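See below for the structure under consideration.
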Amino acid sequence: MSRIGPPLLVELRQVGKVYHLGESRITALKTVNLSIHRGEFVAVWGPSGSGKSTLCNLIGLLDVCSSGTVRFEGQDVAALSDDQRSELRNRGIGFVFQSFNLIPVLSALENVMLPLQISGVSTAQARRAARKRLAEVGLDDHAAHRPAKLSGGQQQRVAIARALVTDPALVIADEPTANLDSENALRITELMRRLNSNNGTTFVFSTHDQRLLERVERQIQMRDGEIIDDRSPEQPAMRLDRSVGL
Amino acid sequence: MMTWIKLALRNLFRNRRRSLFTILAIGLGFAAVNTLGGFTAYIFTSLKDSYIYAQGNGHLSVFKTGFLQEGKLDPTRYLIDEEEMGVIQQVLARHPEIVVVAPQLHISGLLSNGKVSTIFIAAGRVPSAVRRINEHARGMIGKIQLFDGKSLEDDVIHGIGLSRGLAEQLNLDLGSDAVAMAPTVSGQINALDAQVFQLFDGPVEALEDKLMSVSLKFAQSLYDTGSVDRLTLLLTNDDTTETVRAQLAGELAAEGLKLEVKTWNELSTFYTKVKQMFDVIFLFTFLIVFTIVVMSVINTVSMAIMERTREIGTLRALGFKRRGIVGLFAAESMLLGILGSLLGMALTLITWSGVAFFKPTWIPPQITRRVPLEVYLVPDYMLYSILLLIVLSLAAASLPARTAARMQIVGALGHT
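So the sequences go chain by chain: A and B.
Each residue of the first sequence is one higher than the one before, counting from 22 in the working numbering.
Each residue of the second sequence is one higher than the one before, counting from 372 in the working numbering.
Below, the structure written as structure tokens:
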């Protein structure tokens with residue numbers, strides 16, 4: 022179906038995910054259909070075990086689906102090799118984790134440089150880009166600090182700078198405020214919102230946090246491995262071609 | 372590249388104690404192997420120099436073909452006569468690398484003190500030629516006198532040397548008179564008066580009560596012959612032994628002589644046996660040490676992977692490829708190998724310096740006097756040890772690293 026508006030970034034068609042634990046078979050996602058366009062700010066929410074993380078992992082190419090098709094920038098990711106998916110994640114997707122997942126032996130600046138160095142960018146170039154991103158998240162004064170010397174909020178801001186340093190089309194954030202106090206959670210939410218507005222970076226994040234949900238333009242509610250609601254109160258036109266698997 | 376080396380180095384020191392113990396294990400292993408290697412190199416060199424120079428056997432010996440197998444059954448058939456000696460001398464003269472030619476005649480018979488007799492076996496040699504061989508020895512070997520008493524002389528025919536066991540058996544001492552008896556080459560019994568000039572220790576216990584040393588002229592007089600049974604050759608350089616042997620064999624054959632040329636290590640069965648024994652000891656030590664090294668590295672890398680599973684997931688999420696993960700852990704284990712080898716080199720140098728400084732002494736086999744115990748520095752062993760330790764460290768890390776690289780990203784990220 023043709024549509025007017027931002028181009029399609031991620032498309033899930035009839036996607037299911039089943040995990041095998043010994044002889045048990047756990048269905049984490051039932052037949053899910055979902056489209057995400059460039060520039061969207063999307064929250065995936067629902068109770069624990071509803072499939073939020075599984076959905077984010079599939080969108081972020083961290084995992085492969087058991088059935089259906091996942092397309093990123095029009096490419097069927099199942100057709101890609103592990104190396105190709107790694108390259109696509111490196112240049113196209115940034116990740117923000119609940120526990121920050123910074124490399125403890127690297128300074129804040131070196132952590133932010135890391136994705137660029139993985140892609141083979143020179144150290145000098147990577148340092149320049151990382152300094153710029155650290156300044157954007159207000160941590161240019163903490164560039165030399167190791168993660169252990171930073172507060173939870175500061176670590177998450179470093180993680181956001183790291184996620185953005187390659188100018189990715191998409192940032193996946195897995196409960197980015199879950200380990201933060203209210204003040205820091207609010208600051209992180211505002212920071213992501215600002216980066217979304219200013220840079221046009223697409224954000225998809227899973228959350229339980231009601232304050233965060235209030236600030237998103239599109240909420241995808243999940244339960245028992247299915248999308249049960251997909252609403253965009255401020256921009257209903259953005260969801261014209263979105264089909265919800267129910 | 373430097374970024375990943377830096378990351379590997381920092382990762383290595385996240386658990387300082389564990390890494391230090393692994394580096395220590397590698398270092399001690401390196402030092403143990405190289406010190407033992409240095410000691411065996413000293414033993415081999417000493418045995419070789421002892422055989423070639425101190426005992427005056429030279430690098431090469433020329434025999435009639437078949438002498439070593441049949442010579443004892445039919446000695447006259449395998450003697451080199453004066454005419455043949457002349458031809459051989461002409462061939463040898465063409466080789467400036469041959470610095471000493473020492474003819475020998477080995478004899479056996481009975482030695483008597485006037486009351487009782489006992490069997491003897493003796494090497495009849497030209498004392499001055501043997502001394503010239505001794506003088507070419509390097510280091511301590513040339514300075515060690517292997518006998519008590521005085522030297523044998525070319526023209527003092529009656530002077531003989533006895534092994535202490537033989538002297539005791541006949542109640543002979545330095546200056547004592549004795550009579551040596553043996554059949555001549557024509558089968559008649561001959562006897563010669565002798566005087567004990569020197570006493571020495573037999574190289575092996577079985578020969579301790581039988582060995583005698585005499586001048587060539589004494590041996591030839593007793594056997595009533597002008598022939599010899601071998602020619603001992605000393606070369607300028609140990610390394611040319613095989614080349615000169617091959618050249619001489621060809622040239623002597625071209626002269627129509629049925630002769631064979633043997634190298635010192637073919638004739639020194641003691642050297643060969645000791646070398647084989649030390650090679651086996653070295654191999655076992657080497658295997659034990661390197662098994663410990665491999666197990667230490669496997670343990671260190673496996674523990675690191677277990678502790679850093681979530682980090683591996685994060686790196687993979689950020690775009691690190693599987694081979695990048697393998698490379699990162701390979702770099703860490705390679706650094707363990709390099710740091711351990713550097714420590715090992717330092718420990719080896721300390722041991723070597725300590726031995727050189729304190730100069731401990733010992734009594735090695737076949738020598739009755741205390742000699743300095745040495746440990747050689749063998750650069751080849753060190754180089755091979757470094758390369759082997761690095762390769763072993765990499766190999767030891769490869770299995771756990773590959774396991775780490777094959778982890779599911781989602782599973783690794785969820786690891787607690």
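Idealized CB from N, CA, C, for every residue including glycine.
Quick caveat, the model's predicted, so the values are computed rather than measured.
- Shortest Cα-Cα distance from B/Leu-439 to any of B/Val-462, B/Arg-601 and B/Met-583 involves B/Arg-601.
- Cβ contact annotation for B/Leu-710 (same chain, cutoff 6 Å, sequence separation greater than five): Ile-394, in chain order.
- Counting C-beta pairs closer than 8 Å gives fewer than three between the region 606 to 623 of chain B and the region 558 to 567 of chain B, which falls short of the contact rule.
- Identification of residues in the region 664 to 684 of chain B having a C-beta nearer than 9 Å to some C-beta of chain A yields Arg-681, Glu-682 and Gly-684, given in sequence order.
- Contact of A/Arg-110 with chain B by beta-carbon distance below 8 Å involves Ala-688, Leu-689 and Gly-690.
- Looking only at A/Ile-80, A/Trp-66 and A/Asp-103, the smallest Cα-Cα distance to A/Gly-37 is reached by A/Ile-80.
- For the region 132 to 159 of chain A, the set of residues with a beta-carbon nearer than 9 Å to any beta-carbon of chain B comprises Met-134, Leu-135, Pro-136, Gln-138, Ile-139, Ser-140, Thr-144 and Ala-147, in chain order.
- For A/Arg-183, at least one C-beta of chain B is nearer than 9 Å to its own C-beta.
- The distance from the Cβ of A/Asn-205 to that of A/Gly-246 is about 31 Å, inconsistent with a contact at the 8 Å cut-off.
- With its beta carbon at least 9 Å from every one in chain A, B/Met-705 lies outside the interface.
- Distances from the alpha-carbon of B/Leu-638 to those of B/Leu-431, B/Thr-374, B/Ile-376 and B/Thr-416 put B/Leu-431 closest.
- The alpha carbon of B/Asp-751 has as its nearest neighbour, out of B/Leu-689, B/Asp-548, B/Lys-581 and B/Met-716, the alpha carbon of B/Met-716.
- Going by C-alpha positions, A/Asp-230 is about 7 Å away from A/Ala-199.
- Counting C-beta pairs with one atom in each stretch, the region 515 to 534 of chain B and the region 588 to 602 of chain B have three or more that are closer than 8 Å, which means they touch.
- A Cβ-Cβ distance of about 7 Å is found for the pair A/Ala-182 and A/Leu-160, placing them in contact under the 8 Å criterion.
- For B/Asn-382, the residues of chain A that pass the 7 Å Cβ criterion are Val-126, in the order they occur in the chain.
- The CB of B/Thr-374 comes closer than 9 Å to the CB of Glu-131, Met-134, Leu-135, Gln-138, Thr-144 and Ala-147 in chain A, given here in chain order.
- Taking the Cα positions, B/Ala-551 is about 7 Å away from B/Gly-480.
- Just so you know, the alpha carbons of A/Val-126 and B/Ala-776 end up roughly 20 Å apart.
- Between the C-alpha atoms of B/Lys-692 and B/Ala-772 there is a straight-line separation of about 13 Å.
- Under the three-pair Cβ rule at 8 Å, the region 744 to 759 of chain B counts as touching the region 410 to 422 of chain B.
- Residue B/Gly-495 holds the alpha-carbon nearest to the alpha-carbon of B/Gly-530 among B/Glu-506, B/Leu-628, B/Arg-509 and B/Gly-495.
- Taking 7 Å as the cut-off between beta carbons, the residues of the region 58 to 82 of chain A near chain B are Asn-78, in sequence order.
- Chain order gives no chain B residues near A/Ser-88, where near means a beta carbon separation below 8 Å; the closest approach is about 17 Å.
- Within chain B, the C-beta atoms nearer than 7 Å to that of A/Asn-122 come from Arg-681 and Thr-685, in chain order.
- Counting along the chain, A/Met-213 sits inside the alpha helix (DSSP H) bounded by residues 203 to 220.
- By the neighbour-count definition (other C-beta atoms within 10 Å, threshold 16), A/Asp-97 is an exposed residue.
- Counting only unbroken stretches of 3 or more residues, the beta strand (DSSP E) elements lying wholly within the region 460 to 540 of chain B are 469 to 483, 488 to 496, 518 to 520 and 530 to 534, in sequence order.
- Among the residues facing chain A, B/Ile-780 is included, as its CB has a counterpart in that chain under 9 Å away.
- For B/Gln-618, the uninterrupted alpha helix (DSSP H) segment begins and ends at 612 to 625.
- The bridge partners DSSP lists for A/Ile-114 are A/Leu-191.
- Taking the beta carbon of B/Leu-378 as reference, the chain A residues within 8 Å of it are Ile-124, Val-126 and Leu-127, listed in sequence order.
- Listed as beta-bridge partners of B/Arg-601 by DSSP are B/Gln-475.
- B/Ser-639 sits in coil when the DSSP states are folded into three classes, being neither helix nor strand.
- When DSSP states are grouped into helix, strand and coil, A/Ser-56 belongs to the strand group.
- Of all alpha-carbon atoms in B/Val-470, B/Leu-517, B/Lys-435 and B/Ala-553, the one lying nearest the alpha-carbon of B/Ser-421 is that of B/Leu-517.
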